[in-house]
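Colleague: From first to last, the protein sequence lines are chains E and P. Here the first sequence is numbered in our numbering, starting from 0 and rising by one per residue. Here the second sequence is numbered in our numbering, starting from 5 and rising by one per residue. Backbone N, C-alpha and C fix where the C-beta goes; we use that ideal spot for every residue, glycine too. Here the structure is a predicted model, which means the values were calculated and not measured. One structure, pasted below without further comment.
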Amino acid sequence: MATLKKTAAAAAAIALGLTGLAACGSDSADDTGHVYYMNNKSEIVDQLQQLADMYQEETGVEVEIQTAASGTYDSTMSSELAKSNAPTMFNISGYDQFAKYQDYVEPLQDTDLYDMLTDEGKAYSYKIDDNAYTLPYAAEWYGIIYNKAILEDYCAKSYAVIDSVDDITDYDTFKAVVESIEENKDDLGLTGAIATPGLDASDTYRFVAHMSRIPLFYEYRDNDTTFMFEIEGTYLDNYKDFFDLSLNNSPTEGGLVSSKTYDDCTAEFSLGQVAFYPNGVWAYSNIKDNEVADEDLGMLPYFMGIDGEEDYGVAGVYDASWAVNKNASEQDKQATLDFIEWLVTDDEAKQILAKDCGFSVPFTTFGDDEQPDNPLTVAAKAYTDEGKTEVRSFTIPNQQWQDDIANALIEYAQGTGDWSAVEDAFVNGWAEEWANNEDSLGMLPQAESFSSES
Amino acid sequence: MISMVGKSIRRWWALFALPTCAAFAIGFVAPFVIGVYLSFTKFTTVTDAEWVGLSNYAGVFSDPEFIHALWMTVAFTVVTTIIINVAAFFVAYMFTKAMKGANLFRSVFFMPNLIGGIVLGYIWQLLLNGVLAHWGRSLTYSAVYGFWGMVILVCWQQIGYMMVIYIAGLQALPTDVMEAAAVDGANSRQTLFKVTIPLMMPSITVCSFLTVTNGFKLFDQNLALTNGAPSNMSEMLALNIYRTFYGRIGYEGVGQAKAVVFFIIVAVIAVIQNKLTTSKEVEA
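And the structure:
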């Protein structure tokens, strides 16, 4: 009896101790390899799973998808990459993330996949020397979104300074229209001309990650380069003009903008309370099914009164990219490349990426039918068809640079700080953060000739 | 003579202690040791760490924002520890007296503790911004607003919790001592300060320990309420560490070093505080 008890107790104790470890054992991948994709877009989890299931059914290759939304992506990646079953494919958004994972990315310039990228896609692939490491998979555009219905209504009024929205072709006209709408907002049934430049953390990216790249783009143009370690902020005054214009003609007073979230600002536009909303094509998912009809959505380029800006269209950004883990086994790498190739060549997969995920995928394999239905994307792409070059979103140093500008903007907006603090964060912060990057990463982006790029 | 059970325990204790020891080693000792090790390295993931010696620690003390966050945290901890404990003791004192609906009020006061810090932060952000909007300002206007906003939030959240501990302490007070005090003619004020509070020192030790460490470790509420605005002036230590770790690539090591410094500060202060209050504890 005693032995039985002892044996049972010992067995129980061992079982307790070992159950935790049992889950750690994993079956080794067979010859075909497998795909493990670390995704950072929570909005497309279902679609990705569907794609993974389809591929698995078609080819028998195992595809595992894990999603870590942007806030937790880096921490998840840090722990996942350290495992023996590390992601074979992952997401890279922005230069600092690329630099962070530079030891894990496989050069892809010699693959068939890389050749399938469009020229813009290739331009946005992160490179070191002759090696290209990332495959942009979602092109997005940003500019000044406007409500055609409100503007048509406005144009019919006696106080209108334009006859139709097509007359807005430069900053001066845009400014005159904004100020005239603000002046007559009660008559037009609006609460302001431009959506609030909200500076809650959820909304600052519009100003520090996107709008900030407009003066940068033109400064690079003047210097015929695609990267500068130090900038002068030549066009920061234009940025200030635009920011002031938004601040003075929005529904919210300056002291309160820092409490306005992304949702607050988007709601102002989607409920038809304001005519203009500077943001990108992704905002469509929040705008649709509200007070603004799809056919009333239009997009203007960011006008800031910079010389030559009328030759350019809206700004493009190709931040979201795929990368392949170079530390994965050869089979896994091949399996991953095959999976990506399938994603951008299979008709059904292409439809899912374009229509369900709403991505404009910068691969030449995507025809006109395989583009998103998003009316903002259509409006943005129309500028390219008109022959206007899109403003390119050049690399910015890191989150710290953005946060510092956002902080300075908040203080400027609420009147507790000067504009010089914004300039300081923008110009000196730029050099400082790149120096930091160079220090800790041992690399900087490569400068090429601006004209050869565009 | 040792019973059968005692004998088995003597023989088998190691086996039964194993799961707990393993869990402790895996869940606490290993991460702690790795964490300290990582503070001396430059790393992206735990497997690619590269030894850099003390340079991360040099980065910690040359960062003015860390020093600012440290003083901010100290001030915050002092203020909240005092307010929470005084208020919680007062409320508990009230609720242990005969009072209608005391049980209902206890639940009501305890409730805020059941809500997560991030949610509370957003709720209070809305509330406080709504009030400040009358003056055309918001919480980000200056660090003073953010500081007091956090004080209000944290007090509101923790008073109920400390109250429960004080109530338990008050109910366990020996009645004979109280009666003796009453017989000796002590007035209520004398009873409170000369009898009740000295006897309550064990509860006070626990509560002040909790409030001091909670004050130092405050993160969720800071993140949700102000996120450091304006210009990181309302940022406390935990948030500063988080931002260092994730804000700049290549600063993971500095963030880790800050976390180690942070641990040492909290541990030292908690030990001192514990010693101070424990030394005042008396037996009835």
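Determine, using beta-carbon pairs with one atom in the segment 419-427 of chain E and one in the segment 400-411 of chain E, whether at least three such pairs fall under 8 Å.
Modeller: yes
Colleague: Nearest CA to the CA of Arg205/E: which residue from Tyr301/E, Phe226/E, Val62/E, Gly312/E?
Modeller: Tyr301/E
Colleague: How would you label Cys23/E, buried or exposed, when you count the other beta carbons within 10 angstroms and need 16 or more for buried?
Modeller: At Cys23/E the pLDDT is 41, less than 50, meaning the model places this residue with poor confidence; the figure from the coordinates comes in the next sentence. Flag for Cys23/E reads exposed.
Colleague: Decide if Trp139/P is buried, meaning its Cβ has at least 16 other Cβ atoms within 10 Å, or exposed.
Modeller: Exposed.
Colleague: DSSP beta-bridge partners for Leu296/E?
Modeller: Asn146/E
Colleague: Could you tell me which uninterrupted alpha helix (DSSP H) segments, each at least 4 residues in length, are contained entirely in the segment 86-134 of chain E, listed from first to last along the chain?
Modeller: The qualifying runs are 94-99, 111-115, 118-123.
Colleague: When DSSP labels each residue in this structure, what does Glu389/E get in the three-state scheme?
Modeller: Under the three-state reduction of DSSP, Glu389/E is assigned to strand.
Colleague: Using DSSP with H/G/I as helix, E/B as strand and the rest coil, what is Glu287/P?
Modeller: Shown here, Glu287/P sits in coil according to DSSP, grouped into three states, outside any helix or strand.
Colleague: Are the segment 260-277 of chain P and the segment 89-97 of chain P touching by the rule of at least three beta carbon pairs closer than 8 Å?
Modeller: no
Colleague: At 4 residues or longer, and completely inside the segment 147-234 of chain P: list those alpha helix (DSSP H) runs for me, N to C.
Modeller: 147-175, 179-187, 201-221, 224-229
Colleague: Going by Cα to Cα distance, which pick from Met166/P, Asn191/P, Thr200/P is closest to Pro178/P?
Modeller: A check of alpha carbon separations from Pro178/P across Met166/P, Asn191/P, Thr200/P identifies Thr200/P as the nearest.
Colleague: Between Met210/E and Ala407/E, what straight-line distance do the alpha-carbon atoms span, to the nearest angstrom?
Modeller: 15 Å
Colleague: Run through chain P and tell me which residues come within less than 8 Å of Gln398/E, C-beta to C-beta.
Modeller: Tyr250, Gly251, Arg252
Colleague: Just how far apart, CA to CA, sit Asp202/E and Thr230/P?
Modeller: 14 Å
Colleague: Could you check whether the Cβ of Met76/E sits closer than 9 Å to any Cβ belonging to chain P?
Modeller: yes
Colleague: Mind listing the chain E neighbours of Ser238/P? Cutoff is C-beta to C-beta under 8 Å, in chain order.
Modeller: One finds nothing in chain E with a Cβ atom closer than 8 Å to the Cβ of Ser238/P; even the nearest lies about 11 Å away.
Colleague: At a Cβ threshold of 9 Å, is Asp36/E touching chain P?
Modeller: At residue 36/E the sequence reads Tyr, which differs from the Asp that was named. Not an interface residue.
Colleague: Just to confirm my understanding: we take Thr233/E, look at its own chain, exclude 5 residues before and 5 after, and list those with CB closer than 8 Å. What are they?
Modeller: Pro214, Tyr217, Glu218, Asp221
Colleague: Out of curiosity, what's the CA-to-CA distance linking Val158/P and Asn90/E?
Modeller: If you draw a straight line from the Cα of Val158/P to the Cα of Asn90/E, it is about 38 Å long.
Colleague: Could you tell me the boundaries of the beta strand (DSSP E) in which Tyr35/E lies?
Modeller: 34-38
Colleague: On the DSSP letters alone, give me the boundaries of the beta strand (DSSP E) that Ile64/E sits inside.
Modeller: Per DSSP, Ile64/E belongs to the beta strand (DSSP E) from 62-66.
Colleague: Find the residues of chain P that neighbour Thr415/E, judging by a C-beta separation of less than 7 Å, and give them in chain order.
Modeller: Tyr145, Ser146, Pro234
Colleague: Among residues of its own chain, excluding the 5 on either side of Tyr158/E, which ones have a beta-carbon nearer than 7 Å to its beta-carbon?
Modeller: Ser179, Asn183
Colleague: By DSSP, does Ser289/P sit in helix, in strand, or in coil?
Modeller: As displayed, chain P neither begins before 5 nor continues past 288, which places residue 289/P out of reach and without an answer.
Colleague: Cβ of Asn244/P less than 9 Å from any chain E Cβ?
Modeller: no
Colleague: Anything in chain E within Cβ reach of Tyr255/P, meaning under 9 Å, just list it in chain order.
Modeller: Gln399, Asn435, Ser439
Colleague: At a CB distance below 8 Å, what residues from the segment 49-61 of chain P approach chain E? Give them in sequence order.
Modeller: Thr49, Val50, Thr51, Asp52
Colleague: Could you tell me the alpha carbon to alpha carbon distance between Thr209/P and Asn244/P, rounded to whole angstroms?
Modeller: 29 Å
Colleague: Per DSSP, what kind of secondary structure is Ala319/E in: helix, strand or coil?
Modeller: strand
Colleague: Would a C-beta distance cut-off of 9 Å place Gly197/E and Val273/E closer than the cut-off?
Modeller: no
Colleague: For a contact meaning CB atoms closer than 7 Å, what does Gly254/E contact in chain P?
Modeller: Gly140, Arg141, Ser142, Tyr145
Colleague: Quick one: which chain E residues come within Cβ less than 7 Å of Ala137/P?
Modeller: Correct list: Leu255.
Colleague: When the cut-off is 9 Å and only beta carbons count, does Gln129/P lie next to chain E?
Modeller: For Gln129/P, the closest Cβ of chain E is nearer than 9 Å.
Colleague: Measuring straight from C-alpha to C-alpha, what distance separates Ser192/P and Met182/P?
Modeller: 10 Å
Colleague: If contact is defined by three or more beta carbon pairs under 8 Å, each pair taking one atom from either stretch, is the segment 357-373 of chain E in contact with the segment 130-144 of chain E?
Modeller: Yes, they touch.
Colleague: Using the C-alpha atoms, what's the distance from Glu229/E back to Trp429/E?
Modeller: 7 Å
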